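Numbering (UniProt numbering), first residue to last: 1 to 636.
Quick reminder that beta carbons are idealized off the backbone N, C-alpha and C, glycines included.
Remember, predicted model here, so these are calculated numbers, not experimental data.
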Amino acid sequence: MSLANTFLNNSSQYPPNSQRMQVPRNSRPFSSSQNLHPSQNYDMNTWLDRNKIMSQTNFNSTLVDGKINDPYSPNRFGSGRPLEEQKNVGILQRMSLVNDNLGYRDMSVSHSSGLPLASSTTGGDFCGLIPPTQVQPSSTRDASQWAMLPSVPPYGSEHLRTGRFYLMRSTSPDTDATSYIEQATFRSIKAKIQACLPPPTTDRKFPTQLGPYMSVTPMDTAPRASLSLGFMTQSFRAWCPRLGRYVVLRCVILDSSKVITREAYMLANAFSEERDSTILRLLDVLPVTDFSDNSILFVYDFIPCARSLRDVFMLEHTKSPDQVVKSDFAPERRSWFILVQLTQALRCAHKKMHRSLDVLNPTKILIQDGSRVYINCYGLRDVVNFPKSNEKQRPEVMAMDFIALGNIMLGIIVGTQLAYEKPTEYLPLLDSGVSPELRNIVRDLVLGNITTIDALVMATADHAYDCMESVNVLARNLETFLQREISNGRLLRLICKLNSVVERQNVSTSKYPEPDWSETDDRYMLKLFRDYVFHQVDQNGAPYLDLAHIVQALNKVEAGSTELVCLSSRKAHQVIIVTYADIRDFLDKSFSHLVEESRRSVLEQQQMLQQQQQQTTARGISQPQRRVDNLAPDLS
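This is how it looks when you write it as structure tokens:
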């Protein structure tokens with residue numbers, strides 16, 4: 001936008017009506033719209049562009065633009081701070097620069113949130129009760145990785161002209177984010193999407209389709225014995241066209257004499273009907289013959305960026321009680337969060353299915369986003385071992401789940417798998433490392449003092465409300481992000497409509513041909529507006545690429561702003577002053593004309609096709625009638 005647009009948008013100069021002028025090219029108080037200077041609401045007398053500001057300062061402009069290679073300052077930022085020097089807290093605040101008195105409005109800078117950043121393995125942190133951690137910037141970043149922030153400013157591009165380097169942030173791959181979503185959530189979702197992509201593989205010894213499931217890729221290189229399940233298993237990831245998402249195929253290799261009965265499949269159907277947020281639902285059970293053995297596929301939901309509880313919390317496999325220190329304990333709030341989720345899983349199994357959970361093992365509990373819990377392989381042993389699995393409905397068998405839960409919680413808190421295997425040796429460590437409430441409930445679980453799910457629910461009820469509050473906060477934040485992105489396709493639709501009208505040769509029908517349709521009437525203004533938005537050039541004639549200007553102009557058209565805009569032809573022979581609302585009306589009218597012509601053409605083609613079918617049908621009926629007339633006897 002030129003300075004003319006700033007002058008025109010003064011309410012005292014022009015009324016808000018469209019005005020069109022045909023003037024020759026001569027000297028005028030404003031430049032062509034091809035020379036872009038984004039409009040701002042400030043006094044033009046004190047307006048200075050970036051080049052003038054840089055010319056009045058006594059430092060090199062290379063120090064402001066980190067992307068310009070300067071052989072004399074390759075290891076310093078625009079502020080003069082070396083790359084190895086940590087940025088202090090004051091730099092994050094607004095800096096008092098020499099051009100702050102020019103009347104520019106402050107731009108909102110979105111700093112990174114205090115939530116821990118997502119990693120490629122866990123995908124962020126789900127529990128809002130966990131104290132936030134600050135991420136320290138890397139000391140090995142190159143100045144060429146720095147660019148301006150925000151990427152899509154709400155107005156203009158002051159950051160391109162004023163040299164305010166406090167509006168800069170890193171765009172390296174490990175800190176990428178957008179202006180519409182928090183950095184931790186963005187990286188978490190991005191990691192989960194990337195985890196769903198099939199990895200490039202050249203191993204063709206496994207089939208690419210198993211039953212109705214396509215794009216099968218192995219998650220395990222070979223079948224292996226599962227100690228917790230007692231079978232040889234192998235996992236695959238596949239795409240389910242019916243569900244429209246990825247699933248996990250757990251192939252269980254059975255003995256050749258083992259047969260899954262019809263009653264076992266009915267039990268699997270009962271497992272698939274029960275849904276709980278902490279248990280991966282059993283989606284399907286089907287036999288396969290692609291491996292030339294007696295294999296059964298158990299289909300479960302796929303959880304991207306998830307790891308087993310043992311790999312997350314029990315990394316020290318051989319740490320003795322004497323080697324455990326209090327600082328190695330897991331945060332208590334995270335322990336309570338996991339305990340509440342496991343209690344919910346037990347409640348679903350005991351009260352809805354009336355069966356033992358039977359898979360409370362560190363290798364069969366998945367952790368996503370730091371503390372989000374999923375029970376894996378639930379119902380697998382029940383289906384395979386049917387009807388022996390009916391013994392899991394007995395109260396003494398269900399009581400074993402509470403002991404297994406206590407052992408798991410002890411292993412999580414202490415941080416070693418030996419605590420899960422030998423709980424009595426590690427129980428005394430809880431006397432001084434955790435609160436009495438958590439210590440007592442873990443001790444009662446390990447010693448078998450809690451035998452009913454109601455007693456466990458009552459013991460964890462107080463902390464369940466804290467976890468509910470954390471989940472509600474997360475849901476509210478995600479809903480806020482969704483609201484920002486709910487109409488993110490409006491500019492794409494606007495660009496599609498604009499390019500469907502501009503540069504179209506003609507709109508000709510059988511009755512009303514219109515040569516040079518896009519160069520006449522309101523379509524010509526749309527062409528000028530296209531040049532104004534996408535074909536800007538700077539004072540030297542080079543392309544001026546500013547995403548902020550493009551998004552700002554399109555947003556004003558979408559919103560129907562009454563702001564005036566000066567459109568000029570490429571040779572500045574025509575100058576037209578319109579509002580963004582007029583441009584939107586012109587575009588809607590022109591595109592509606594195209595839609596009408598397209599529908600008319602489709603209707604004519606359908607009518608023509610229908611007539612051809614009717615003629616073909618009539619011709620086929622008349623030919624057999626002639627044959628009948630020829631075969632009729634002569635009765636005369």
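Residue nearest to Val340 within the set Ala455, Leu447, Glu503, Thr217 is Ala455 (criterion: CA-CA distance). Distance from the CA of Leu554 to the CA of Tyr580, rounded to the nearest whole angstrom, comes to 9 angstroms. Unbroken beta strand (DSSP E) stretches of 3 residues or longer found wholly inside the UniProt domain "Pan3 C-terminal knob" (453-594): 564-568, 575-579, given in chain order. The C-beta of Ala268 has 16 or more other C-beta atoms within 10 Å across all chains shown, which makes the residue buried. Contact between the stretch 404-417 and the stretch 437-451 is present, with at least three C-beta pairs closer than 8 angstroms. Secondary structure at Met232: strand, using DSSP grouped into helix, strand and coil. Taking all protein chains in view, the Cβ of Ala191 is crowded by 16 or more other Cβ atoms within 10 Å, so the residue is classified as buried. In this structure, the CA atom of Ile367 is about 24 angstroms from the CA atom of Lys351.
Shown here for Asp522: same chain residues with a beta carbon closer than 7 angstroms to its own, the five before and five after excluded, namely Phe586, Lys589, Ser590 in chain order.
Here Cys240 is bridged, per DSSP, to Arg245. The Cβ atoms of Ser235 and Arg250 sit closer than 9 angstroms to each other. In the three-state scheme derived from DSSP, where H, G and I count as helix and E and B as strand, Ser257 is classed as coil. Around the beta-carbon of Lys388, fewer than 16 other beta-carbon atoms lie within 10 Å, marking it exposed. If you check the CB distance, Leu283 and Val247 come in under 9 angstroms. DSSP places Val446 within a helical segment (H, G or I) once states are collapsed to three.
Taking Met400 as reference, the option from Val359, Arg570, Phe386 with the minimal CA-CA separation is Val359. Note on geometry: alpha-carbon atoms of Cys377 and Lys364 lie some 7 angstroms from one another. Going by DSSP, Asp301 is part of the beta strand (DSSP E) stretching over 295-301.
DSSP places Gln368 in the uninterrupted beta strand (DSSP E) bounded by 365-368. Close CB contacts of Ser500 within its chain, under the 7 angstroms cut and outside five residues either way in sequence, are with Phe591, Leu594 (chain order). When secondary structure is reduced to three states using DSSP, Glu332 falls in the helix class.
In the three-state reduction of the DSSP assignment, Pro212 falls in the coil class, being assigned neither a helical nor a strand state. Nearest neighbour of Arg310 by Cα position, chosen from Asn361, Ser601, Pro543, turns out to be Asn361. Here the alpha carbons of Met232 and Lys319 stand approximately 30 angstroms from one another.
Taking C-beta atoms as the reference points, Leu567 and Val575 count as a pair closer than 9 angstroms. Residues of the same chain with a CB within less than 7 angstroms of the CB of Asn407, apart from the 5 flanking positions on each side, are Tyr420, Pro423, Val446 in chain order. Annotated as distal: Asn294 and Asp322, with beta-carbon spacing of 9 angstroms or more.
Contact check between the stretch 490-506 and the stretch 524-536: three or more CB pairs, one atom from each, fall below 8 angstroms, which counts as touching.
In this structure, the straight-line span from the alpha carbon of Gln552 to that of Ile583 is close to 14 angstroms. Pro218 has Phe236 as its beta-bridge partners, per DSSP. Rounded to the nearest angstrom, the gap between the Cα atoms of Cys196 and Pro304 is 7 angstroms. Distance between Ser188 and Phe337, taken at the CA atoms: about 20 angstroms.
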